[in-house]
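Residue numbers (the numbering used here): 358 to 622.
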């Protein structure tokens with residue numbers, strides 16, 4: 358009996374000396390962003406900020422993953438890399454073409470209304486999408502605002518493709534293009550402090566309504582967990598976290614611009 362007790366005591370001491378067991382490192386997933394859409398995603402010059410990266414980190418963190426943020430040269434590169442499996446996750450609108458390489462969450466992250474941003478000094482006559490065939494528009498590489506828009510506007514060859522929103526709105530300010538389709542909330546926030554944008558306005562008509570969704574590469578190890586992703590997204594929406602992160606991002610973006618103006622000599 359004494360020998361058995363001594364053996365148990367010795368075993369316990371060895372366990373204590375060994376210290377706590379090391380936790381297995383969390384697997385890392387790659388999230389691709391093109392941060393030119395405040396307050397959804399934007400860059401402060403050091404890191405990607407906004408609703409999108411905050412949400413992705415929260416949802417994937419709850420599923421046991423670490424998130425590596427990847428920033429590429431344009432939005433089209435993000436979509437292509439996700440479809441090819443080089444990145445795991447993006448936030449995007451769902452289209453039939455994108456569904457070939459991506460799985461989209463059933464639960465939407467955010468409802469978004471697309472408007473036309475124009476220069477009030479040269480207002481296009483717009484009632485129907487077909488009217489835009491007579492004008493020049495600007496889009497970022499990889500952007501799509503629905504099958505109707507693509508069919509009636511993009512496929513008629515009157516779109517100029519660029520890599521940045523600054524470049525796009527700069528062309529609209531100089532009247533080199535006639536319109537920019539853009540999410541209304543993002544566009545209004547973007548032009549608030551944009552130099553020379555005093556004549557840029559959003560038309561009251563709605564071009565389309567779409568829903569921003571979390572999209573997973575079909576080749577990602579995350580692909581079989583879409584039901585869990587939907588459950589996590591629903592929890593964040595129902596708790597009010599998504600709207601809270603959106604408001605915090607808007608405030609932070611405006612504060613960054615204010616600080617930048619204050620630092621300008």
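Glycine included, every Cβ here is placed at the ideal spot set by N, Cα and C.
Endpoints, the beta strand (DSSP E) within which residue 495 is located:
Taken as a continuous stretch (DSSP letters only), the beta strand (DSSP E) holding residue 495 covers 494-497.
Can you list the beta strand (DSSP E) stretches of 3 or more residues lying completely in the region 517-582, in chain order?
Fully contained in the region 517-582 are the following beta strand (DSSP E) runs of length 3 or more, in chain order: 536-540, 557-559, 565-574.
In angstroms with no decimal places, state the Cα-to-Cα distance between residue 489 and residue 510.
Residue 489 and residue 510 have their C-alpha atoms some 6 Å from each other.
Residues of its chain near residue 369, where Cβ-Cβ distance is below 7 Å and the 5 sequence neighbours each way are ignored:
Any reading at residue 369 needs caution, since the residue's pLDDT is 45, under 50, leaving its predicted position unreliable; the model's value is listed next. Here the set comprises nothing.
From 583, 535, 591, residue whose alpha carbon lies closest to that of residue 623
Shown here, the chain extends from 358 to 622; a query on residue 623 therefore has no answer.
Identify, in the order they occur along the chain, each residue of the same chain with its Cβ nearer than 8 Å to the Cβ of residue 419, setting aside the five sequence neighbours on each side.
These residues qualify, in order along the chain: 589.
Given that a residue counts as buried once 16 or more other Cβ atoms are within 10 Å of its Cβ, and exposed if not, what is residue 318?
The displayed coordinates of the chain run from 358 to 622. Any statement about residue 318 would go beyond what the structure contains.
Tell me which residues share the same chain as residue 467 and place their Cβ nearer than 8 Å to its Cβ, disregarding the 5 neighbours each side in the sequence.
Apart from sequence neighbours up to five positions away, the residues of its chain that approach residue 467 with a beta-carbon distance below 8 Å are 397, 408, 568, 569, 599, 603, ordered along the chain.
Where residue 474 sits in the DSSP three-state scheme:
Note: residue 474 maps to strand in three-state DSSP.
From the DSSP output, read off the bridge partner residues of residue 389.
DSSP lists 427 as partners of residue 389.
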